[in-house]
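Which chain is which? The protein sequence lines are A and B, in order. Read in order, the letters of the first sequence are residues 1 to 424 in the numbering used here. Read in order, the letters of the second sequence are residues 1001 to 1030 in the numbering used here. Idealized CB from N, CA, C, for every residue including glycine. For clarity, every value in this text was computed on a predicted model and none was experimentally measured. One structure is given below, encoded as structure tokens.
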Amino acid sequence: VDQKKILSVHNNIWSPKKSYEASSSCFSRSLGKGRDSTALEMKHRELCSGKTIDWGKKMRRALLLDNIRVQSLQLRIKAMTSRTTEQSVSETQIPLTSGIKLETLNYIVTVELGGKNMSLIVDTGSDLTWVQCQPCRSCYNQQGPLYDPSVSSSYKTVFCNSSTCQDLVAATGNSGPCGGNNGVVKTSCEYVVSYGDGSYTRGDLASESIKLGDTKLENLVFGCGRNNKGLFGGASGLMGLGRSSVSLVSQTLKTFNGVFSYCLPSLEDGASGTLSFGNDSSVYKNSTSVSYTPLVQNPQLRSFYILNLTGASIGGVELKSSSFGRGILIDSGTVITRLPPSIYKAVKTEFLKQFSGFPSAPGYSILDTCFNLTSYEDISIPTIKIIFEGNAELEIDVTGVFYFVKPDASLVCLAFASLSYENE
Amino acid sequence: VGIIGNYQQKNQRVIYDTTQERLGIAGENC
């Protein structure tokens, strides 16, 4: 009985009372005035109308209006919360420098992982962010101390039975040994990432707090690398900015709205570029106007950024090829642009036409358009532009046109290569 | 040739917008 309240059905609020029906006035009267307050009498608008009331009709109308009122409140709340979400999207910038000091030809950013500074190679062509981790079974020599999970209170192990571990398969293409655990689910999720140049990292998947510029994020999933080998120089690890669910971009979607940008600086003068997260238009204040091209969807290549290559020009001469209009990957970690053979042939032919009179040199590896430029101090190079869908142009930086195989300029090659066949 | 930074994209602001499924390019002296 104590858990219930009794409603007298003959005494509910809808029962009209004679006193109200007979009321001649619905104006509120002042009920008195205190020193700091005034009291007004409150009456129900239906009950004081004085007219004969069809209660069934009134009830239906009241419920209808009530519903409209709730919908209105919901719309207002939705509008307010969506504004709040937009406001919570933040921006941050990190200096982006050459990795030459760390003996890598890649670009480096420094972030705080578990409160410790880590120098990471920036890579839009892979997904998992990882660092070399103690205790390490086989690590390359890095500058600075290895990340040590035992001294971090924010380090958390990712277990085999978690969805994060399953997502890793999609991102890396490697299942790790989790599949062979025969139901032993409380084991850590091991990962393996292999790169195109033969470099690799393997270790345990974990989560940790990370600070990107002035933005701190909790529980970032990363790889605690116990066995790492390859061309990473003295960097602490790698920042994966690909598109799968384990990439830094996907994990920070709510904070940065899936937007990041970079400006890669010249390596020679020690200049610093920026890696920026979030859609802060002030980042582009020193840029020319931004031209956009759609990211092409390919369900089989979800990790990659694919653009539609629609044209190219050498020294202002537009090239013709039936192979234009196809997807091309864009990657911050690849230096030599690979083109379908027919497009490469057109590039090579036009470049040689405009860059004539310089002594040629034998090819090197995949590069077959090479020169000996030892007897020249300054050379004039035709401008190369790559054009993407929507007429977005990327003008190749002058230092990216050639690959200096030999530093004395006796072997300098055009930094473009041909794929083996058109649809490779 | 290992994992080397892409010199060809130097001094460009390259904007990856995964929400709007687009990539922006602008010249910028870094």
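- request: Please check the pair G240 of chain A and Y191 of chain A, which I expect to be a contact at CB under 8 Å, by giving their CB distance rounded to whole angstroms.
  value: The sequence position of residue 240 of chain A within the first sequence is 240, counting from 1. The sequence position of residue 191 of chain A within the first sequence is 191, counting from 1. Between G240 of chain A and Y191 of chain A, the beta carbon gap of about 11 Å keeps them out of contact (Cβ cut-off 8 Å).
query: By how many angstroms is the C-alpha of G390 of chain A removed from the C-alpha of S162 of chain A?
result: To locate residue 162 of chain A, count along the first sequence from 1; it is residue 162. To locate residue 390 of chain A, count along the first sequence from 1; it is residue 390. Looking at the backbone, the Cα of S162 of chain A and that of G390 of chain A are separated by about 41 Å.
- prompt: Name the chain B residues whose beta carbon is nearer than 7 Å to that of R243 of chain A?
  reply: To locate residue 243 of chain A, count along the first sequence from 1; it is residue 243. Near R243 of chain A (Cβ distances below 7 Å), the residues of chain B are T1018.
- prompt: Between the C-alpha atoms of S207 of chain A and L301 of chain A, what's the straight-line distance to the nearest angstrom?
  reply: In the first sequence, counting from the first residue as 1, residue 207 of chain A sits at position 207. In the first sequence, counting from the first residue as 1, residue 301 of chain A sits at position 301. S207 of chain A and L301 of chain A have their alpha carbons spaced roughly 26 Å apart.
field: Where N286 of chain A sits in the DSSP three-state scheme
entry: Reading the first sequence from its first residue, position 286 is the one you call residue 286 of chain A. Under the three-state reduction of DSSP, N286 of chain A is assigned to helix.
message: Between Y200 of chain A and chain B, is the shortest Cβ-Cβ distance under 9 Å, so that the two count as touching?
response: Here residue 200 of chain A is taken as the residue at index 200 of the first sequence, counted from 1. Taking Cβ atoms only, chain B never reaches closer than 9 Å to Y200 of chain A, which makes this a no.
message: Along the chain, where does the alpha helix (DSSP H) containing T349 of chain A start, and where does it finish?
response: On the first sequence, residue 349 of chain A is found 349 positions in, with the first residue counted as 1. For T349 of chain A, the uninterrupted alpha helix (DSSP H) segment begins and ends at P341 to Q354.
field: D54 of chain A (DSSP reduced to helix, strand or coil)
entry: Position 54 of the first sequence, counted from the start, is the residue given in the question as residue 54 of chain A. DSSP places D54 of chain A in coil when its eight states are reduced to three.
- prompt: Does the Cβ of L40 of chain A have 16 or more other Cβ atoms within 10 Å, making it buried, or fewer, making it exposed?
  reply: Position 40 of the first sequence, counting from 1, holds the residue named residue 40 of chain A. Counting of Cβ neighbours within 10 angstroms places L40 of chain A among the exposed residues, the total staying below 16.
query: Applying the criterion that 16 or more other CB atoms from any shown protein chain within 10 Å of the CB defines a buried residue, is G214 of chain A buried or exposed?
result: One-based indexing of the first sequence puts residue 214 of chain A at position 214. The residue asked about is misnamed: residue 214 of chain A is Asp in this sequence, not Gly. Result: exposed.
task: Reducing DSSP to helix, strand and coil, say where L248 of chain A ends up.
output: Translated into the one-based positions of the first sequence, residue 248 of chain A becomes position 248. Three-state DSSP puts L248 of chain A in a helix.
- prompt: Regarding Y262 of chain A and the ligand HEM, is the C-beta to nearest heavy atom distance less than 8 Å?
  reply: The ligand HEM is not part of the structure shown, which contains no ligands of any sort.
- request: Compare the C-beta of V70 of chain A with all C-beta atoms of chain B and state if any pair is closer than 9 Å.
  value: Along the first sequence, one-based indexing puts residue 70 of chain A at 70. Not one chain B Cβ lies under 9 Å of V70 of chain A.
message: Checking the sheet assignment: what are the DSSP bridge partners for F159 of chain A?
response: The sequence position of residue 159 of chain A within the first sequence is 159, counting from 1. Listed as beta-bridge partners of F159 of chain A by DSSP are A:S188.
message: Just to make sure I have the definition right: I need the residues of chain B whose C-beta is within less than 9 Å of the C-beta of T426 of chain A. Which are they?
response: Nothing about residue 426 of chain A can be reported from this structure: the residues present for chain A run from 1 to 424 only.
- prompt: In chain order, which beta strand (DSSP E) runs of at least 3 residues are fully inside the segment 92 to 131 of chain A?
  reply: Complete beta strand (DSSP E) runs here, min 3: 92 to 98, 107 to 113 and 116 to 123.
- prompt: Is the Cβ-Cβ distance between L295 of chain A and Y284 of chain A less than 9 Å?
  reply: Reading the first sequence from its first residue, position 295 is the one you call residue 295 of chain A. Reading the first sequence from its first residue, position 284 is the one you call residue 284 of chain A. No; because the gap between Cβ atoms is not below 9 Å, this pair is not in contact.
Residue-level contact to chain B via CB, P407 of chain A, 9 Å cutoff: In the first sequence, residue 407 of chain A corresponds to position 407, counting from 1. No, its Cβ sits nowhere closer than 9 Å to a Cβ of chain B.
- prompt: What does V249 of chain A reach in chain B if we use C-beta pairs closer than 8 Å?
  reply: Counting from 1 along the first sequence, the entry for residue 249 of chain A is found at position 249. Residues of chain B with a Cβ closer than 8 Å to the Cβ of V249 of chain A are, in chain order, Y1016 and T1018.
message: Give me the residue from B:Y1016, B:G1024 and B:Q1009 with the minimum Cα distance to L253 of chain A.
response: Here residue 253 of chain A is taken as the residue at index 253 of the first sequence, counted from 1. For L253 of chain A, the closest alpha carbon among the candidates B:Y1016, B:G1024 and B:Q1009 is that of B:Y1016.
query: With distances taken between CB atoms, is the gap from T293 of chain A to N279 of chain A smaller than 9 Å?
result: Sequence index remark: in the first sequence, residue 293 of chain A carries index 293 (1-based). Sequence index remark: in the first sequence, residue 279 of chain A carries index 279 (1-based). Cβ distance not < 9 Å, so T293 of chain A and N279 of chain A don't count as in contact.
query: A271 of chain A and I386 of chain A: beta carbons closer than 9 Å?
result: Within the first sequence, residue 271 of chain A is the residue found at index 271, counting from 1. Within the first sequence, residue 386 of chain A is the residue found at index 386, counting from 1. With contacts defined as CB atoms closer than 9 Å, A271 of chain A and I386 of chain A fail to qualify as a contacting pair.
task: Quick one: grab the DSSP three-state call for N227 of chain A.
output: In the first sequence, counting from the first residue as 1, residue 227 of chain A sits at position 227. If DSSP states are grouped into helix, strand and coil, N227 of chain A belongs with the strands.
query: Listed in chain order, which residues of the segment 317 to 342 of chain A have Cβ atoms closer than 9 Å to some Cβ of chain B?
result: Of all residues in the segment 317 to 342 of chain A, I330, D331, S332, G333, T334, V335, I336 and T337 have a Cβ within less than 9 Å of some Cβ in chain B.
task: Starting from the C-beta of V111 of chain A, find all residues in its chain whose C-beta is less than 8 Å away, skip the five residues before and the five after it, and write them out in chain order.
output: Along the first sequence, one-based indexing puts residue 111 of chain A at 111. Result list for V111 of chain A: I94, N117, M118, L120, I210, K211, L212 and M239, in chain order.
task: With L1023 of chain B as the anchor, note down where its beta strand (DSSP E) starts and where it stops.
output: Working through the second sequence from its first residue, we reach residue 1023 of chain B at position 23. For L1023 of chain B, the enclosing beta strand (DSSP E) covers residues R1022 to G1027.
field: 8 Å Cβ cut-off: residues of chain B touching C263 of chain A
entry: Within the first sequence, the letter at position 263 stands for residue 263 of chain A. Close partners of C263 of chain A in chain B (Cβ separation under 8 Å): N1011, Q1012, R1013, V1014, E1028 and C1030.
Counterpart residues of I387 of chain A in DSSP-defined beta bridges: The sequence position of residue 387 of chain A within the first sequence is 387, counting from 1. Residue pairing from DSSP places I387 of chain A in a beta bridge opposite A:G311 and A:E393.
- prompt: Hey, T172 of chain A and V122 of chain A: beta-carbon distance below 9 Å or not?
  reply: Counting from 1 along the first sequence, the entry for residue 172 of chain A is found at position 172. Counting from 1 along the first sequence, the entry for residue 122 of chain A is found at position 122. No. Outside cutoff.
- prompt: Taking Cβ-Cβ distances shorter than 9 Å, what residues in chain B pair up with V131 of chain A?
  reply: Here residue 131 of chain A refers to the residue found at position 131 of the first sequence. Those do not exist, as V131 of chain A stays about 16 Å from chain B at its closest Cβ, beyond 9 Å.
- request: Anything in chain B within Cβ reach of G273 of chain A, meaning under 7 Å, just list it in chain order.
  value: The count along the first sequence starts at 1 and reaches residue 273 of chain A at position 273. Those are C1030, listed as they occur along chain B.
query: How about G237 of chain A and Y147 of chain A: are their beta carbons less than 9 Å apart?
result: Within the first sequence, residue 237 of chain A is the residue found at index 237, counting from 1. Within the first sequence, residue 147 of chain A is the residue found at index 147, counting from 1. In contact: G237 of chain A and Y147 of chain A (Cβ atoms closer than 9 Å).
message: Check whether chain B comes within 9 Å of I379 of chain A, counting only Cβ atoms and requiring the distance to be less than that.
response: For this step, residue 379 of chain A is matched to residue 379 along the first sequence. By this cut-off, I379 of chain A is not an interface position.
message: Within 9 Å of any Cβ in chain B, is that where the Cβ of F260 of chain A sits?
response: To locate residue 260 of chain A, count along the first sequence from 1; it is residue 260. Yes, its Cβ sits closer than 9 Å to a Cβ of chain B.
query: Is G316 of chain A helix, strand or coil by DSSP?
result: Position 316 of the first sequence holds residue 316 of chain A. It is coil, neither helix nor strand.
- request: Provide the residue span of the beta strand (DSSP E) that contains K211 of chain A, from first to last.
  value: Position 211 of the first sequence, counted from the start, is the residue given in the question as residue 211 of chain A. Where K211 of chain A is concerned, the enclosing beta strand (DSSP E) starts and stops at Y200 to L212.
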